[in-house]
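Engineer: First, the structure itself, so that you have it in front of you.
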Amino acid sequence: MDSQRLFRFPLLRFPNTQSAKSAAIYVAGALYAIGFWSMVDASIFSKTVNASVVHVTFVDWIPFICSTLGTLIVNMIDKKQLLSADSFGSGSIRWQARLVLFIGCTLLAVGMSGSALLVILKYVVKGYTSMPTLGMALENIYATGSITLSCIILWVVQNVEEDYNYSLAL
Amino acid sequence: MSTMFKLNPLSKLIFLSILIAIGFLNIILSCALFDNWLPLIDVGIFLIAPLPNALAQSLSSAYEADFLSDSNPEAAVKEFLEYLTGFLVISGLIFPVVLFHNHLISHWSLVLSISGGFIIYLSIVLFIVGFKEEADDYDF
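In order, the protein sequence lines correspond to chains A and B. Letter by letter, the first sequence follows residues 1 to 170 of my numbering. Letter by letter, the second sequence follows residues 171 to 310 of my numbering.
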């Protein structure tokens, strides 16, 4: 593992113990919870204390749904299929894994950019830039951002675990 | 941490029952003082929050035999259950904040429901840790 580094300094040396991995997974779940409840908060806010004419509708949930689907798809791929070198006739399954990973990453990116698009088109362009109204839009950005961060943490943790299993098997 | 639980089992039991009673007292106060029973949902979230990790514990003890095998689907299930634990605990902490932000509960109700829910969760986790057979590290 150490002989195949790209950079000279080992900048990204993650802690490799089981409890550190569990802690990272808890943090990922916590980040997803923050994203989810931020969206729910925006919806409840729109129903209760919202004094403006803008309301959270199904359109506001689409970036959140895209990010969630992307997280699901990216983290359901078996990482061994992606990283394995050429085995017997595993070329097609590796190609499928890469395609599915591409779809998942695209969904994540669509979620992130969709929330920014929504904020610009629904709030900023129409002039609703005062704070309690714009808060609903900002919560949308927080939601997709924290879900994407949660997905990144999960991905890194699962990739670290490959090395862990390897060293354990030795 | 392990020295803390070298207590008499009876005193442990009494301590935990007092703790869980304080938790429920806080939650019921947060609802009843303001005649607004929305924070009671928080009890439900914190009651199901220890369940995924309990499942993961039993799973890992059942599959201990083939831990070193190549394909271990139970590791993926265990990771998912840990993810779910993080989600549920933070949900229980955030839910009263969401209610408070939308002016559905007052700020004393917020404080009481968060502290009460967390005490209930803590006492359940301490019960699981304190009455485990073998001394193993069980975080959260």
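Heads up, the beta-carbon is just placed ideally off N, CA and C, and yes, glycines get one too.
From the DSSP output, in three-state form, read off A20/A for me.
Structural biologist: A20/A: helix per DSSP, three-state reduction.
Engineer: Please determine, among K302/B, V295/B, F301/B, G300/B, the residue with the shortest C-alpha to C-alpha distance to A219/B.
Structural biologist: With distances taken between Cα atoms, A219/B lies closest to V295/B.
Engineer: How close, in whole Å, do the beta carbons of N159/A and M39/A come, if the pair is a contact with beta carbons under 8 Å?
Structural biologist: Not confirmed; about 28 Å, so no contact.
Engineer: Using a 10 Å radius around the Cβ and a threshold of 16 neighbouring Cβ atoms, would you call A311/B buried or exposed?
Structural biologist: No information on residue 311/B is available, as it lies outside the stretch 171 to 310 that chain B covers here.
Engineer: Say whether the stretch 54 to 68 of chain A touches the stretch 278 to 290 of chain B, bearing in mind that this needs 3 or more beta-carbon pairs closer than 8 Å, one atom from each stretch.
Structural biologist: Touching, no.
Engineer: Give me, in chain order, the residues of the same chain whose beta-carbon lies closer than 6 Å to that of S115/A; leave out the 5 immediate sequence neighbours on both sides.
Structural biologist: Closer than 6 Å at Cβ, skipping near neighbours: P63, N140, I141, T144.
Engineer: Apart from the five residues on each side of it in sequence, which residues of its chain come closer than 8 Å, Cβ to Cβ, to L263/B?
Structural biologist: Answer for L263/B: I284, G287, F288, listed in chain order.
Engineer: Listing by chain order, which chain A residues have their CB less than 7 Å from the CB of S261/B?
Structural biologist: The contacting residues are A33, W37.
Engineer: Among S293/B, I298/B, E249/B, F270/B, which residue has its Cα nearest to the Cα of L154/A?
Structural biologist: The candidate whose alpha carbon is nearest that of L154/A is E249/B.
Engineer: Measuring alpha carbon to alpha carbon, tell me which of C151/A, F58/A, R98/A ends up nearest A109/A.
Structural biologist: The shortest C-alpha separation from A109/A is found at C151/A.
Engineer: Give me the subset of the stretch 40 to 56 of chain A whose CB atoms are less than 7 Å from a CB atom of chain C, sorted by chain position.
Structural biologist: Absent from the structure is chain C; the protein chains it does hold are A and B.
Engineer: Give me the residue from Y26/A, I93/A, T148/A, K122/A with the minimum Cα distance to T106/A.
Structural biologist: For T106/A, the nearest C-alpha among the options comes from T148/A.
Engineer: Please report the distance separating the alpha-carbon of Q96/A from that of L251/B.
Structural biologist: About 27 Å.
Engineer: Suppose you measure from the CA of T133/A to the CA of N50/A; what does that come to, to the nearest Å?
Structural biologist: Their backbone Cα atoms lie some 7 Å apart in a straight line.
Engineer: On the criterion of 16 or more Cβ atoms from any shown chain inside 10 Å, does G193/B qualify as buried, or is it exposed?
Structural biologist: The residue is buried, with at least 16 neighbouring Cβ atoms inside 10 Å.
Engineer: G127/A touches chain B at which residues, Cβ-Cβ below 8 Å?
Structural biologist: By Cβ distance, chain B contributes nothing, its closest Cβ being about 24 Å from G127/A, past 8 Å.
Engineer: Counting only the same chain and skipping the five closest in sequence on each side, list residues whose C-beta sits under 6 Å from that of P297/B.
Structural biologist: The question names Pro, but residue 297/B in the sequence shown is Phe. Closer than 6 Å at Cβ, skipping near neighbours: L186.
Engineer: Find the residues of chain B that neighbour G29/A, judging by a C-beta separation of less than 9 Å, and give them in chain order.
Structural biologist: Those are E252, Y253, L254, T255, G256, F257, L258, V259, I260, listed as they occur along chain B.
Engineer: Using only alpha-carbon positions, find the residue among K122/A, W37/A, I103/A, L69/A that is nearest to F270/B.
Structural biologist: The option with the nearest alpha carbon to F270/B is W37/A.
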